[in-house]
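Colleague: Structure below; questions to follow.
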């Protein structure tokens, strides 16, 4: 290798590291890219936040580019737009006045001189613990006149919820789907309690739509990469007026893209539709007029971006330095480790403040008894503030902190010290110190407070899932038989269920009302509180969290109250159903003959047996609680 080649190689490696660390790849600790932190912190620093009125977006751009952001105004504004754009950002870190973009086109937002923006309340919450961020996590601005954080002290919110789409570095790409903050924070709380469990969380995109291959997606998340998540928009049929209406699109797809694809099909000739009309304003609304509704719907999924793949590749920076592939669980654990460090520093900081105040209070209480002597020393024997502090220390043996506090008090306040009030404050101070010491010394208590912070943020900023989950083996080509060839457990609540294999225990993130062990080849009977019974094959269940309404057609307000393998029903006489109306015993003959794929009503109320105290009569079926 000659000298030139060596220089080029070294320069390329330096450039690659710079791009990966300073621009392209998010940090596993907070989920943010380097440049996003610069922008958010600059806005906080200049008070361009939710506590203050909206200002022109130009001010936010100028704040960032003046301190730390070095990639230009256009790039900076684009990032600000992205952090507050509907159907792009899952949880807004920016608030806007003006046109911040629509679902029509990716670049249809107004120029920065026409819009106003500020840091959102959630964006501000990222900095709640900024004062305790360690010195090594700060970097000087490019003009060396200030500092900005290299990692955000985000306790309660992990920006993996907003994902990272199309983050291309040198030789690496990071592609992280979006998630629901409620589900993520519950999983974080579970992992704080028990790091050995495995979270089962599926993506939840800002644009909604449908996830068609949950098993494959979950497997990819568990490995950090794998087959893509298959996303589909929502298409409604109007049989009477003979048109299809697209009302939701996969993440990252705009209506203009769909319209271009439809127009190209018309230009080429003979698509399964006659015409289309884009009625989109604030919500997606594209009508496709056709006499062949079913055929046209299938054509849309196959030939347009109404159905597309989202690549999963969880490449993030490990401790802000080296990029590597994380599993979803590893990413959550990296964040938890960072959050615990910051959260502990916060309590230690509070404890230090309490100890300092205790020292001052004790000094003031002592000063009360010798107030005349103190005033004399300050007024008659001292020539400056520093001299007064020095004299108080030498004459009365005060600490420097106590002496400083006394000197800084106004004379009339010094002479009117309320000893009773100070003694009460001291008592409360010592109680608070004991409380914080207990938090710091007891891991369980510490974890409880940390989990409370996460649930507080989830409750305040969380929302319902937007992306529906479609349960079908049709789109699980890679994962065929993943569940059905193993024993697995189904845990359920009223509206949700969780499926986990017995070989690989997972986080149970539902309010468990019932559970059942399923083996390969089982036919499953699902009972509801409206006395209906559904049958499903074992292989129709998927790993992870799901909603019953995506697997079976429930009536309004109807809840699943039990699930049994048919083999258990056949060996028992009664199944016990517990509803709001009370407990009932249902004879197995009615379940076996009545349950169907469509969910027929098993029995009428008059045929229900209400004597459930005779436990021998229903042996073999667990009671539903």
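Numbering (this note's numbering), first residue to last: 103 to 727. Don't be surprised by glycine CBs; every beta carbon is placed ideally from N, CA and C.
Among residues of its own chain, excluding the 5 on either side of residue 696, which ones have a beta-carbon nearer than 6 Å to its beta-carbon?
Modeller: Walking along the chain shown from the start, residue 696 turns up at place 594. So the qualifying residues of the chain are 635, 702, 704.
Colleague: Specify the secondary structure class of residue 667 as computed by DSSP and reduced to three states.
Modeller: Taking the chain shown and counting its residues from 1, the one referred to as residue 667 is at position 565. Strand at residue 667.
Colleague: Assign residue 330 to one of three DSSP states: helix, strand, or coil.
Modeller: Mapped onto the chain shown, residue 330 falls at position 228. Note: residue 330 maps to coil in three-state DSSP.
Colleague: Can you give me the C-alpha to C-alpha distance between residue 406 and residue 367, rounded to a whole angstrom?
Modeller: Start at 1 with the first residue of the chain shown, and residue 406 comes out as number 304. Start at 1 with the first residue of the chain shown, and residue 367 comes out as number 265. Roughly 10 Å between the two C-alpha positions.
Colleague: For residue 530, is the classification buried or exposed, using 16 other Cβ atoms within 10 angstroms of its Cβ as the cut-off for buried?
Modeller: As a working mapping, residue 530 is identified with position 428 in the chain shown. Exposed.
Colleague: Looking at C-alpha atoms only, which residue of 646, 421, 300, 429 is the closest neighbour of residue 439?
Modeller: Position 337 of the chain shown, counted from the start, is the residue given in the question as residue 439. That would be 421, whose Cα lies nearest to the Cα of residue 439.
Colleague: Can you give me the Cβ contacts of residue 509 inside the same chain, cut-off strictly under 8 Å, excluding the 5 residues immediately before and after it?
Modeller: Reading the chain shown from its first residue, position 407 is the one you call residue 509. Excluding residues within five positions, the ones whose Cβ falls inside 8 Å are 480, 487, 490, 491, 494.
Colleague: Using the beta-carbon count (16 or more within 10 Å), is residue 478 buried or exposed?
Modeller: As a working mapping, residue 478 is identified with position 376 in the chain shown. Result: exposed.
Colleague: Below 8 Å between beta carbons: does that hold for residue 355 and residue 338?
Modeller: By 1-based counting over the chain shown, the position of residue 355 is 253. By 1-based counting over the chain shown, the position of residue 338 is 236. In this structure, residue 355 keeps its C-beta atom at 8 Å or more from the C-beta atom of residue 338.
Colleague: With H, G and I counted as helix, E and B as strand and the rest as coil, what does DSSP make of residue 626?
Modeller: For the purposes of this step, residue 626 is taken as the residue at position 524 of the chain shown. If DSSP states are grouped into helix, strand and coil, residue 626 belongs with the strands.
Colleague: Exposed or buried, what is residue 132 when buried is set at 16 or more other beta-carbons lying within 10 Å of its beta-carbon?
Modeller: As a working note, residue 132 is residue 30 in the chain shown. So residue 132 counts as buried.
Colleague: Just the C-alpha distance for residue 214 and residue 639, rounded to the nearest angstrom, thanks.
Modeller: As a working note, residue 214 is residue 112 in the chain shown. As a working note, residue 639 is residue 537 in the chain shown. Whole-angstrom Cα-Cα distance: 56 Å.
Colleague: Express the C-alpha separation of residue 222 and residue 163 in angstroms, rounding to a whole number.
Modeller: Here residue 163 is taken as the residue at index 61 of the chain shown, counted from 1. Here residue 222 is taken as the residue at index 120 of the chain shown, counted from 1. Each residue's Cα considered, the two are about 16 Å apart.
Colleague: Alpha carbon to alpha carbon, how far is residue 542 from residue 464?
Modeller: As a position in the chain shown, residue 542 is number 440, starting the count at 1. As a position in the chain shown, residue 464 is number 362, starting the count at 1. C-alpha separation (whole angstroms): 25 Å.
Colleague: Taking the alpha carbon of residue 433 as the point to measure from, which residue in 625, 278, 208, 596 has its own alpha carbon closest?
Modeller: Locating residue 433 in the chain shown gives position 331, counting from the first residue. When each option's Cα is compared against that of residue 433, the closest is 278.
Colleague: Rounded to the nearest angstrom, how far is the Cβ of residue 257 from that of residue 445, given a contact under 8 Å?
Modeller: On the chain shown, residue 257 is found 155 positions in, with the first residue counted as 1. On the chain shown, residue 445 is found 343 positions in, with the first residue counted as 1. So it is a contact: roughly 5 Å between Cβ atoms.
Colleague: So, is residue 204 buried or exposed, given that buried needs 16 or more other C-beta atoms within 10 angstroms?
Modeller: In the chain shown, the residue the question calls residue 204 occupies position 102. So residue 204 ends up on the buried side.
Colleague: With a cut-off of 8 Å on the beta carbons, I'd call residue 664 and residue 629 a contact; round off their distance for me.
Modeller: Locating residue 664 in the chain shown gives position 562, where the first residue counts as 1. Locating residue 629 in the chain shown gives position 527, where the first residue counts as 1. Going by Cβ atoms, the distance from residue 664 to residue 629 rounds to 4 Å, so yes, they are a contact pair.
Colleague: So, for residue 172: in the same chain, excluding its five sequence neighbours on each side, which residues have a beta-carbon less than 7 Å away from its beta-carbon?
Modeller: Taking the first residue of the chain shown as position 1, residue 172 is located at position 70. Cβ neighbours of residue 172 beyond the five flanking positions: 244.
Colleague: Which same chain residues end up closer than 6 Å to residue 123 when comparing Cβ atoms and leaving out the 5 residues on each side of it in sequence?
Modeller: Position 21 of the chain shown, counting from 1, holds the residue named residue 123. Residue placement at residue 123 is flagged as unreliable, the pLDDT there being 47, under the threshold of 50; the coordinate-derived value follows with that caveat. Closer than 6 Å at Cβ, skipping near neighbours: no residue.
Colleague: Between which residues of its own chain and residue 382 is the CB-CB distance below 8 Å, once the five residues before and five after are set aside?
Modeller: Numbered from its first residue, the chain shown carries residue 382 at position 280. These residues qualify, in order along the chain: 204, 205, 206, 357, 388.
Colleague: Kindly indicate which three-state DSSP category residue 167 falls into: helix, strand or coil?
Modeller: Numbered from 1 along the chain shown, position 65 holds the residue referred to as residue 167. Residue 167 falls in the helix class under three-state DSSP.
Colleague: To the nearest angstrom, how far is it from the Cα of residue 294 to the Cα of residue 547?
Modeller: In the chain shown, residue 294 corresponds to position 192, counting from 1. In the chain shown, residue 547 corresponds to position 445, counting from 1. If you take the alpha carbons of residue 294 and residue 547, they lie about 12 Å apart.
Colleague: Run through DSSP, which three-state label would residue 584 get?
Modeller: Mapped onto the chain shown, residue 584 falls at position 482. Its pLDDT being 45, under 50, residue 584 is placed unreliably by the model, and the measurement read from it follows with that caveat. Looking at residue 584 - three-state DSSP - the assignment turns out to be coil, as it is neither helix nor strand.
Colleague: Comparing alpha-carbon positions, which option in 220, 418, 142 lies nearest residue 158?
Modeller: As a working note, residue 158 is residue 56 in the chain shown. Taking residue 158 as reference, the option from 220, 418, 142 with the minimal CA-CA separation is 220.
Colleague: Is the beta carbon of residue 524 closer than 8 Å to that of residue 467?
Modeller: Numbered from its first residue, the chain shown carries residue 467 at position 365. Numbered from its first residue, the chain shown carries residue 524 at position 422. Yes. Within cutoff.
Colleague: Nearest-angstrom Cα distance between residue 404 and residue 192?
Modeller: By one-based count along the chain shown, residue 404 stands at place 302. By one-based count along the chain shown, residue 192 stands at place 90. If I take the Cα positions, the gap works out to 27 Å.
Colleague: Return yes when the Cβ of residue 302 is within less than 8 Å of the Cβ of residue 646, no when it is not.
Modeller: Indexing the chain shown from 1 puts residue 646 at position 544. Indexing the chain shown from 1 puts residue 302 at position 200. Closer than 8 Å, so yes.
Colleague: Distance, Cα to Cα, residue 428 vs residue 340?
Modeller: Counted from its first residue, the chain shown places residue 428 at position 326. Counted from its first residue, the chain shown places residue 340 at position 238. The straight-line gap from Cα to Cα measures roughly 45 Å.
Colleague: Report the residue from 342, 127, 448 whose alpha carbon sits nearest the alpha carbon of residue 229.
Modeller: Here the question's residue 229 lines up with position 127 in the chain shown. Looking at the Cα atoms, 448 is the closest of the given residues.
Colleague: Please work out which residues of its chain come closer than 8 Å, Cβ to Cβ, to residue 521, disregarding the five sequence neighbours upstream and downstream, and give them in chain order.
Modeller: Position 419 of the chain shown, counted from the start, is the residue given in the question as residue 521. If you ignore the 5 residues before and after residue 521, its C-beta comes within less than 8 Å of the C-beta of 467, 470, all in its own chain and listed in chain order.
Colleague: If you reduce the DSSP assignment to three classes, tell me which class residue 231 lands in.
Modeller: Looking up residue 231 in the chain shown gives position 129. Three-state DSSP puts residue 231 in coil, outside helix and strand.
Colleague: As a quick exercise: from 656, 332, 181, 184, pick the residue whose alpha carbon is nearest that of residue 729.
Modeller: The requested residue 729 does not occur in the structure, where the chain is confined to residues 103 to 727.
Colleague: Near residue 507, which residues of its chain fall below 6 Å by C-beta distance, leaving aside the five closest residues on each side in sequence?
Modeller: Indexing the chain shown from 1 puts residue 507 at position 405. 462, listed in sequence order.
Colleague: Please go through the same chain and pick out, in chain order, the residues whose beta-carbon is closer than 7 Å to the beta-carbon of residue 599, but skip the five residues on each side of it.
Modeller: Counted from its first residue, the chain shown places residue 599 at position 497. Around residue 599: 592, 593, 612, 648, 650.
Colleague: Helix, strand or coil, according to DSSP, for residue 271 in the structure here?
Modeller: Counting from one through the chain shown, the residue named residue 271 turns up at place 169. Bear in mind that a pLDDT of 46 at residue 271, under 50, signals an unreliable position, so the number given afterwards is only what the model happens to contain. Under the three-state reduction of DSSP, residue 271 is assigned to coil, being neither helix nor strand.
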